[in-house]
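A short write-up of the structure that comes next.
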Amino acid sequence: MTTKAPMFENRYLAHALGGLDGHKYLNTEEALKNAIALGHRYFEADLQLTSDGQVVCSHGWTEDICAVSGMDYSEEFETMTHDLFLAQKVFGMPTMDLDTLAVYIKNTKIFIGSSTFTV
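The numbering of the sequence shown is the working numbering, which starts it at 111 and goes up by one.
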């Protein structure tokens, strides 16, 4: 008999750390807090490596991705740094890095899988 991993048996898997206010592709702390409050414990996160070697929660920062993720595009994103990314907003919400996400993993016992990790 084959058993499924708990994340595949749970209907509370939140894409991109959860949607909020009708938006998806957020990967923000506000979306994560909201999804946790709604009972989600399994999450998919999108992770990107910045030009200075830091991991952040994002689908990316190309002009096309910014258009769907509510982030104002700038040509300086061609060499996105950690600090520049954290200064951005996604649909008005602050962005988040892997260090912040790790605190939630440790303190709330949530489970994270990543479908996107771009280097």
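Cβ coordinates follow ideal geometry from the N, Cα and C atoms, glycine included. In this text, all values refer to a predicted model and were calculated from it rather than measured experimentally.
Quiz item: Count the other CB atoms within 10 Å of the CB of ALA197; is the residue buried (16 or more) or exposed (fewer)?
Solution: Position 87 of the sequence shown holds residue 197. So ALA197 ends up on the exposed side.
Quiz prompt | Cβ pair THR138, THR218 closer than 8 angstroms | solution = As a first step, residue 138 must be located in the sequence shown, where it is residue number 28. As a first step, residue 218 must be located in the sequence shown, where it is residue number 108. In terms of Cβ geometry, THR138 and THR218 do not form a close pair [threshold 8 angstroms].
Practice problem: Out of PHE221, LYS216 and LYS199, state which residue places its alpha-carbon closest to the alpha-carbon of GLU140. | Solution: If you number the sequence shown from 1, residue 140 lands on position 30. Selected option, being the one with the closest Cα: LYS199.
Quiz item: Hey, is HIS192's beta-carbon within less than 8 angstroms of any beta-carbon in chain D?
Solution: The structure shown has no chain D; it contains just one protein chain.
Quiz item: How many Å lie between HIS192 and GLY149 at the Cα?
Solution: By 1-based counting over the sequence shown, the position of residue 192 is 82. By 1-based counting over the sequence shown, the position of residue 149 is 39. Near 30 angstroms, if we compare the C-alpha coordinates of GLY149 and HIS192.
Self-check item: Sequence-distant residues of its chain with Cβ nearer than 8 angstroms to MET117 (five each side left out)
Solution: As a first step, residue 117 is located in the sequence shown; it is residue number 7 there, counting from the start. Bear in mind that a pLDDT of 48 at MET117, under 50, signals an unreliable position, so the number given afterwards is only what the model happens to contain. The residues are LEU123, TYR152, PHE221 and GLY223.
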